[in-house]
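**Student:** Would you mind keeping the following structure in view while I ask a few things?
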Amino acid sequence: MKNQPKILAFAGSTRNGSHNKKLVKIAAIAAADAGAIVTEIDLSDFAMPLFDGDAFANNGFPNAAQAFKTLVISSDGMLISTPEYNHGISGVLKNALDWASRKGEGEAPMAAFKGKAAGIMSAAPGIYGGVRGLGQLRLVLTGVKVLVVPEQMALSGAAKAFDDDGALKDPELEATAAGIGAALTNLLKKL
Ligand SMILES: Cc1cc2nc3c(=O)[nH]c(=O)nc-3n(C[C@H](O)[C@H](O)[C@H](O)COP(=O)(O)O)c2cc1C
Numbered sequence: 002m003k004n005q006p007k008i009l010a011f012a013g014s015t016r017n018g019s020h021n022k023k024l025v026k027i028a029a030i031a032a033a034d035a036g037a038i039v040t041e042i043d044l045s046d047f048a049m050p051l052f053d054g055d056a057f058a059n060n061g062f063p064n065a066a067q068a069f070k071t072l073v074i075s076s077d078g079m080l081i082s083t084p085e086y087n088h089g090i091s092g093v094l095k096n097a098l099d100w101a102s103r104k105g106e107g108e109a110p111m112a113a114f115k116g117k118a119a120g121i122m123s124a125a126p127g128i129y130g131g132v133r134g135l136g137q138l139r140l141v142l143t144g145v146k147v148l149v150v151p152e153q154m155a156l157s158g159a160a161k162a163f164d165d166d167g168a169l170k171d172p173e174l175e176a177t178a179a180g181i182g183a184a185l186t187n188l189l190k191k192l
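All residue numbers for the sequence shown refer to this note's numbering, where the first residue is 2 and numbers rise by one.
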């Protein structure tokens, strides 16, 4: 039982004005309101190279990849909102998850992820809201041994969905996004 689970919140986009950054922030605020200690990060602050097996074997983790992995290790769960790029998750997000999945010296396999839980969402300007990338994100997280809460959200029409303060104009959608943060926090309290 953890009364104050630690949650790492981030989007799979590095873009200024990213819809996914706005969406994950709503869930992050709700998670904090539900009692979590939330750390929000921007993957643009973790400029890691593309994963390369030879470079990893020879040089280990680059600083940015290690810094991201350390944050994942120190969290109990993650809130992630991914853009949909060509019907999949963004390369930036997949690359970060790939780096964090690699075993450091003396670590158990999947040390960063095993026993953790996540809440996931996506946002896109189009009508599908990135739902195909969202399905991929659930698959990838399951692959690295993360339990993904059933609640999820694919926000369509994202370019017109937020007000100037970053809230969703539709209160029902705002409640859905907040509900993912709350659901993750409540699950983590029970783990
Ligand atoms: C390489 C690339 C591929 C894209 N593919 C899709 C797609 O398959 N489906 C979709 O809904 N939007 C697609 N888009 C549009 C993104 O949904 C849009 O750029 C969105 O704003 C990205 O998320 P962000 O606002 O968080 O950066 C694509 C954009 C890029 C740059």
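Just so it is clear, CB atoms sit at the ideal spot from N, CA and C, and this is done for glycine as well. As the structure is a computational prediction, the values presented were derived from the model and not from experiment.
Only counting runs of 3 or more residues, tell me where the beta strand (DSSP E) segments fall wholly within the region 60 to 125, in order along the chain.
**Tutor:** The region 60 to 125 contains these whole beta strand (DSSP E) runs: 78 to 83, 118 to 124.
**Student:** State whether the region 103 to 119 contacts the region 27 to 41, with contact taken as three or more CB pairs (one from each stretch) at a distance under 8 Å.
**Tutor:** No contact exists between the region 103 to 119 and the region 27 to 41.
**Student:** Tell me, to the nearest whole angstrom, how far the beta carbon of L80 is from that of I8; I am working on the premise that it is less than 8 Å.
**Tutor:** Indeed, because the Cβ distance is near 6 Å, the residues count as touching under 8 Å.
**Student:** Do K22 and ligand 1 come close, with the Cβ less than 7 Å from some heavy atom?
**Tutor:** Indeed, a heavy atom of ligand 1 lies less than 7 Å from the Cβ.
**Student:** When we look at the beta-carbon of G116 and count the other beta-carbons within 10 Å, is it buried (16 or more) or exposed?
**Tutor:** Classification of G116: exposed, given that the 10 Å Cβ count is below 16.
**Student:** Counting only the same chain and skipping the five closest in sequence on each side, list residues whose C-beta sits under 7 Å from that of G127.
**Tutor:** S157, listed in sequence order.
**Student:** Where does the unbroken alpha helix (DSSP H) through K7 begin, and where does it stop?
**Tutor:** Not the alpha helix (DSSP H): K7 falls in the beta strand (DSSP E), residues 7 to 12.
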